[in-house]
Every structure is written in C-alpha cells, then in structure tokens.
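In my numbering, the protein residues as written are 661 to 1275.
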Amino acid sequence: MENKDKKQQNSFNNFSKFSIIYILIGIFMVYMYQFYSTTEKTTISYSQFKQLVEQGKIKKCKISEKYIKGTYIAKDNKTKKFITVAVDDPNLVKDLQKHNVDFSGTITNTWLTNLIFGWILPFGFLFFLWWLMTKKMRGTSGGLFGFGKSRFKVYLNEKPDVKFSDVAGAEEAKQEIQEIVEFLKDPDKYKRLGGRAPKGVLLVGAPGTGKTLLAKATAGEAGTPFISISGSEFVEMFVGVGASRVRDLFNEAKKLSPCIVFIDEIDAIGKSRALNSLTSNDEREQTLNQLLAEMDGFDSSVGVIIMAATNRPEVLDPALMRPGRFDRQIIVDKPDVKGREAILKVHIKKIKIGNDVNVETLAKMTPGLVGADLANIVNEAALLAARENKDAVNMEHFEEAIERQLAGLKKKNRVIKEDEKKRVAYHESGHAIIAYLLPGADPVHKISIVPRGLSALGYTQQLPTDEKYLITKEDMLDKVAVLFGGRAAEEIVFGSISTGAQNDLMRATDIVRAIITQFGMDEKLGLVVFEKPGGNQFLTSEGILKERDEISEKTKELIDEEISRMMREIYERAKKILLENRDKLEILANELLQKEIINEEELKAVMEGKNGLQD
Ligand code: ADP
Ligand code: ZN
C-alpha cells in the first residue's frame, strides 16, 4: 500500500516537471516570435513602399525572397520600421539606387521558423496530449517510455525483514506456509528429501487480513527476495504489454531465485473467462494466458514460488487452480478475539503504553475488524496521545481510536452492532445444536460469528463424515431441521425473526420440494415424479419450475400444500428440540459471543454438559 503511494507520487513529479518544461518552452517561443516579427513594425503595401521610395523617405532596407524590411521616415519625422511583401519587380533595384536607399539582400531563414511553427510545435503538442491521455492507461508505471520492456519496473523488488512473528494470529496459515519456507531455504535439499516442490500458493481472505504481510514474511523467513506486483497494474497498461510484463517478471524472478513473486489482487487478471464472455477483455485474457504459460513453463526446482492474493476466489478462472499452478490455497480468515489480541500486541510493541491498557478488552471491543484496521487503531491512538503531549498511550486514546475506526467503517457497512452479534450467536447455535443431535445431519466442524462479508454474518460449518450415495428421507428431514434451527432459535430467544434466515429457508424449501416432487416420498402425492432434478438438486430451483406447466392446477395446489405442511412440521420439530435444550442454547450462544469461533470438541463439551462458562 505504502509503495503504491510512493510510485504515484513519482509519476506525479515526472508529470509536473515535464509539463513545466513544455510550458516554459512554449512561452519562450511565442515571445521570440513576437519580438522578431511584429514589434513596432508597420506593415505597408508594396505600392505604398514604392511611393515612399519615390518620396525619398526610405533610409535602409533589406530585401529577401518574401519580404522587404527596413526603416522609413514617418510623417512625424520619426524613423520607423516597416515590412512589406516582396513582389517580382525588375525596377526595384534601379529605383532604390536612384533614391540613394541603402539596401542589401538577405536570405531569410524561413525554414527554421517553418520547422518550429509548422512542425515541431504542433507535433510536440499532439505528442503531449497523447502522453497525457495514455498516462492514465499506464497507471502508476512511471516514465515516458516505460512501456514494453521494463526499463521502468512496475514491480517492486525488496528483501523484506518481516518475520512470522510479525504476523499474529494466522497460525494455521503460517503452518502451511512453513513448508514453502523450507523449500526456499534450500530447494535442492528439499527435493532430495522427496518433497514435491510447491509452485503456486493462493492466499484467500478479506482485504486487510494480512495476506501481503504473510507473503512478505515468507520471504523474510527464508531470506529471499520478494518481487511484488498488483494484478490491476498488469491490465491497466497498454494493450499487449500485460503479457510482456508477465514475461519480464518471470525472467527477473528466475534471475533472482530462490525468491517469491507476489501478485496482489490476482482476480484483476485471473477472472474466469466463462464469467464474462460478454465483455471479453482480450488484454486481460492474454495476460492470464501468459501467466499460465509461464507457470507451466518453469521447473519448480528453479526455486521460484508464486504467491497470489485474492478476496474473491469464486471469480477466479479454474485454470489457475490446476496442479502445477495455484494448487495450494491458504485461507487467511478474519481474526477472532484471540487473534485480534495477538495482532494488537504486535503493533502495540512499537509504541509506549500506559499501565491501564488492557489489550484483551481492546480485542473484545473490535469484533469483525481485520489486521489492517487494528494496525490503524494503534497508530491513531499513538497520534492522539502525542497530540496531548502524553508520554504514554492510555486506554482512553485506544478507545477514542477504536471509536473513530468504527465510525469510518460504519459508513462502509462493515460493523456489526452488539445486538446483531447476539442474534447471530443464537442463530448459529440453533443450527449447531440440532446438527449435533440429529443423526441424519452432518457433524458440525466449526461455528463462527466472525463476519465474513456483507451477507454472511456467521456460519456453521458441517463436514460430511463420508460420501453417501443414498440419502434416506429421514436424513433429508434432519438436514432441513438443521436449516430451520437458526430461525427457530431466534424465535425462541427474541420472540421475533430476522432476515438472516433467508438463505436457510431457500435451501430448506429446495430440499422439501425435492422430497415431494422428485423422490416420490410424500404419502399424499405418492410415487409420482413431478419434476426433474436440476443441475444441483438441492440448491437450485431453476428448470424445475418450467416442468410445472405440465402438471394440473389441482396437483400444483396439492404440491404447494404438502410443501408448506412438511416445512411447518419440520420447523416445529426444530423448535421443540431447541426448547428441550434451551439451557445448552444459552451456554453455547454465550460461549460463541465470547470466543467467536467454536470447534467440534468445544461444541461436544457444551452438549455433554461438561462445559459451563467459567464466570
Ligand atoms: P491484505 O494484503 O490482506 O489486504 P495487508 O497484508 O496489506 O493485508 O495488511 C495491511 C497491514 O495490516 C499490515 O501491513 C499489518 O500492519 C496489518 N496486519 C494485517 N494482518 C496482520 C496480522 N495478522 N498481524 C499483524 N499485523 C497485521
Ligand atoms: Zn442460518
């Protein structure tokens, strides 16, 4: 981020220097032209000139191909300059001699003025306009001729001194990356020991979660160079240049190996080709193809690791994820309470804090915030303290800084309110408890109320135990009950329901509809299959609705009735289960509010009554 700013500044300096020179030259030329051509010169006609010669009023003149310039005595007896257009006049010399005019011939250097005014200035101006226009396209890449060969590099090459200890919280990610560090430290040894050399690593996570930091730390730990470029910088440039940049980048990387190449915002070039077939962007596609070709082209023993970051993995072209490319994906999640505390500690180390500062409390005050936000808060708190001339940063400064940060984020809709968080905690606990108790549901792996994006405030992650090819009706009913668990919990605890269950309800409806119309599992409608399964039988209802045209009105009504009856029954069942486990719901939701993330074992402990809250 900082680096980007610096580059922008550079290109701004280039721009202003360049244009100031141009403006100065322009002013100078206009001035010279004025000085030589028009100052105090009277333009007279040739006949007037001849008349003046007759009258003996011309003193001196210079005759060139096109003009006659000279001095004459005006009516007020003052000597004035004149200029007139020369005509083909064979008597001119005779007349001049007759009237004692001091005359001489000159060859005017019109070619120079012609050259300057007719060619250099207009073309210079056009070139300047073109430069201005293309400047934007070239983005932040500096230099007038900075396209094509990378004489002016868009990528940064550094040897970061960031270490894993500077990256707090992301323990899982660090563990996975450790292997990359081992490889970079000694590629040959790694291969000798039989490790399959890694090539591409995709870091997936929201902005500010520390993906760049993590990549830098990988280079820092391994002591290798770190070459970085942003995906958007590839495509903002001239047509055809993106691909050659990629080539340059890889050539450079091979020279510097072992090293890390980091491509930020890879979605800018790696967007799925299928996704926007309408607005195809040849430039981006060429760049992507070149990237794929380069990644396939080099042997992993070269010791170059490509790391890329994105916060939208779902839009990436699947080709990027094939073996030998970005076949490793590392999730860099938003931090939970413990993670935030660790991140705050890393940044607080750099400043002097007062005794009253409680980092644990600060972590609790900042749900949903990412590493970049927390770094900002510490920085802001230090500034606030400095403004007050304090020699240590106190709790009040942190509180003020958090408030400011939250206010800023609130505008961008990134902050969850306390009561919303509570609702999400009960909602997810509802899912989890039912999933834990019903045999047909997949076991719960993780419950989280760390918001992931605007739409998902929390999630309950279930992992199927083993691949099942046959699903019984009971299994499906259990799954629907789990989906209803969230909404049922909200109703029980708050007496009201929220929009948070919309996705749950959609999925539930799809399953119930399939039970009735595709699998012939309903008593009333019997064994008839009314609808063909869609691409994904549980997730989409597209295509299914079309088929309904062929069914009689009466049957349609019956289907709808049966769907809502079954849904109601399952919902009541879910509610009953939660009411019977009301105490567990309370404990789980509160634990979730504190820890933000609960894993399988912790859920088990709560459900088996082993774990109450210790406060
Ligand atoms: P991303 O690349 O995911 O958008 P960055 O790596 O640019 O995020 O993070 C921006 C800044 O936020 C970092 O320079 C660092 O100061 C801070 N930061 C983010 N995550 C962490 C973390 N896990 N530990 C410490 N600092 C972090
Ligand atoms: Zn839900």
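For every residue, glycine included, the Cβ atom is placed at its ideal position computed from N, Cα and C.
| request: Report the partner residues of valine 745 according to the DSSP bridge assignment. | output: The secondary-structure analysis by DSSP pairs valine 745 across a beta bridge with Tyr727.
| Buried or exposed by the 16-neighbour rule on C-beta atoms within 10 Å, applied to histidine 1105 | That one is exposed.
| said: Let me check understanding here. Comparing Cα to Cα, which of Ser960, Ser904, Ile990, Ser1224 lies closest to asparagine 949? | reply: Out of Ser960, Ser904, Ile990, Ser1224, the CA that lies nearest to the CA of asparagine 949 is found in Ser904.
| said: To the nearest angstrom, how far is the alpha carbon of isoleucine 1062 from that of isoleucine 1176? | reply: Computed Cα separation, rounded: 52 Å.
| message | So lysine 1005 and valine 1019 are supposed to be a Cβ contact under 8 Å. How far apart are they, rounded? | response | In this structure lysine 1005 is in contact with valine 1019, their Cβ atoms being roughly 6 Å apart against a cut-off of 8 Å.
| request: Using the Cα positions of lysine 871 and lysine 1024, report the straight-line distance between them to the nearest angstrom. | output: For lysine 871 and lysine 1024, the gap between their C-alpha atoms comes out near 23 Å.
| request: Would you kindly work out how many angstroms separate the C-alpha atoms of glutamate 1262 and alanine 1141, rounded to a whole number? | output: Rounded to the nearest whole angstrom, the C-alpha separation of glutamate 1262 and alanine 1141 is 22 Å.
| said: Quick check: leucine 786 and isoleucine 887, are their CB atoms within less than 9 Å of each other? | reply: Cβ atoms of leucine 786 and isoleucine 887: not closer than 9 Å.
| Entirely enclosed beta strand (DSSP E) segments - the segment 821-879, minimum 3 residues | Listed in chain order, the complete beta strand (DSSP E) runs (minimum 3 residues) inside the segment 821-879 are 860-864.
| said: Does the distance between the C-beta of aspartate 996 and the nearest non-hydrogen atom of the ligand ADP fall short of 8 Å? | reply: No, the Cβ of aspartate 996 stays beyond 8 Å of every heavy atom of the ligand ADP.
| said: Looking only at its chain, what residues have a beta carbon closer than 7 Å to the beta carbon of leucine 1239, apart from the 5 residues adjacent to it on each side? | reply: Only Ile1152 meet the Cβ criterion.
| query | In whole angstroms, what separates the C-alpha of isoleucine 926 from that of leucine 873? | reply | Here the C-alpha atom of isoleucine 926 lies approximately 16 Å from the C-alpha atom of leucine 873.
| For lysine 717, the nearest candidate out of Asp736, Val864, Ala1042, Phe1144 (CA to CA) | The residue among Asp736, Val864, Ala1042, Phe1144 with its C-alpha nearest the C-alpha of lysine 717 is Asp736.
| Identified DSSP bridge partners for arginine 988 | As DSSP reads the structure, arginine 988 sits in a beta bridge with Val861.
| said: Please identify the residue among Ala866, Ala746, Gln835 whose C-alpha is closest to the C-alpha of glutamate 974. | reply: Comparing alpha-carbon positions, the option among Ala866, Ala746, Gln835 lying closest to glutamate 974 turns out to be Ala866.
| field | Proximal residues to asparagine 751 (C-beta, below 8 Å), its chain only, five neighbours per side dropped | value | So no residue of the chain qualifies.
| task | Give the straight-line distance between the Cα atoms of arginine 1242 and leucine 863, rounded to the nearest whole angstrom. | result | Cα-Cα distance, rounded: 40 Å.
| message | Nearest by alpha-carbon distance to serine 960: which of Arg944, Ile1037, Pro983, Cys721 is it? | response | Distance check between serine 960 and each of Arg944, Ile1037, Pro983, Cys721 places Pro983 closest, using alpha-carbon atoms only.
| task | Classify asparagine 1015 as buried or exposed, calling it buried when 16 or more other Cβ atoms lie within 10 Å of its own Cβ. | result | Under this definition asparagine 1015 is an exposed residue.
| query | Within 9 Å (strictly less), CB to CB, does glutamate 1213 reach chain D? | reply | Protein chain content of the structure displayed is limited to a single chain, and chain D is not contained in it.
| Does at least one heavy atom of the ligand ADP sit under 8 Å from the Cβ of threonine 1026? | Using a cutoff of 8 Å, the CB of threonine 1026 does not count as near the ligand ADP, since none of the ligand's heavy atoms is closer than that.
| said: Closer than 8 Å is the cut-off here; do at least three beta carbon pairs connect the segment 916-923 with the segment 961-980? | reply: Note that the segment 916-923 touches the segment 961-980; at least 3 beta-carbon pairs, one per stretch, sit closer than 8 Å.
| message | Rounded to the nearest angstrom, what separates asparagine 1051 and asparagine 1036 at their Cα positions? | response | The sequence shown places aspartate at residue 1051, not asparagine. Distance between the alpha carbons of aspartate 1051 and asparagine 1036 is about 19 Å.
| task | Pull up the distance between the alpha-carbon of leucine 1097 and that of glutamate 1268, whole angstroms please. | result | Rounded to whole angstroms, leucine 1097 to glutamate 1268 spans 11 Å at the Cα level.
| query | Applying the criterion that 16 or more other CB atoms from any shown protein chain within 10 Å of the CB defines a buried residue, is alanine 875 buried or exposed? | reply | Burial is judged here by how many other beta carbons sit within 10 angstroms of a residue's own beta carbon; alanine 875 has at least 16 and is buried.
| field | Three-way DSSP call (helix, strand, coil) for alanine 1092 in this model | value | Assignment of alanine 1092 by DSSP, reduced to helix, strand and coil, places it in the helix class.
| Stretch pair the segment 712-732 + the segment 742-757: three plus CB contacts closer than 8 Å | With a cut-off of 8 Å, the segment 742-757 and the segment 712-732 count as touching, because enough Cβ pairs lie within range.
| query | CA-CA distance, isoleucine 683 and arginine 1047? | reply | Going from the Cα of isoleucine 683 to the Cα of arginine 1047 covers about 43 Å.
| task | For isoleucine 923, write down the residues that DSSP places opposite it in a beta bridge. | result | Per DSSP, Ile889, Ala968.
| query | Buried or exposed: where does aspartate 1220 fall if 16 or more other Cβ atoms within 10 Å of its Cβ makes it buried? | reply | The residue is exposed, with fewer than 16 neighbouring Cβ atoms inside 10 Å.
| Are there 16 or more other CB atoms within 10 angstroms of the CB of arginine 1083, so buried, or fewer, so exposed? | Looking at its Cβ environment, which holds 16 or more other Cβ atoms inside 10 Å, arginine 1083 is buried.
| query | With a Cβ-Cβ cutoff of 9 Å, do serine 1108 and isoleucine 1247 count as a contact? | reply | Going by C-beta atoms, serine 1108 is not nearer than 9 Å to isoleucine 1247.
| task | Tell me the start and end of each unbroken beta strand (DSSP E) in the segment 746-790 that is at least 3 residues and wholly inside, in chain order. | result | If only uninterrupted beta strand (DSSP E) runs of at least 3 residues are considered, those enclosed by the segment 746-790 are 762-765.
| query | Sorry if obvious, but does the Cβ on threonine 878 come closer than 8 Å to a heavy atom of the ligand ADP? | reply | Flag unset: Cβ of threonine 878 not near the ligand ADP.
| task | Note down, in chain order, each residue of its chain lying with its Cβ closer than 6 Å to the Cβ of arginine 811, except the 5 sequence neighbours on either side. | result | Since pLDDT at arginine 811 reaches only 38, below the 50 mark, its modelled position is unreliable, and the value read off the structure follows with that caveat. Nothing meets the Cβ criterion.
| said: Looking at the ligand ADP, does it come within less than 8 Å of aspartate 924, judged from the CB to the closest heavy atom? | reply: Aspartate 924: yes, Cβ under 8 Å from the ligand ADP.
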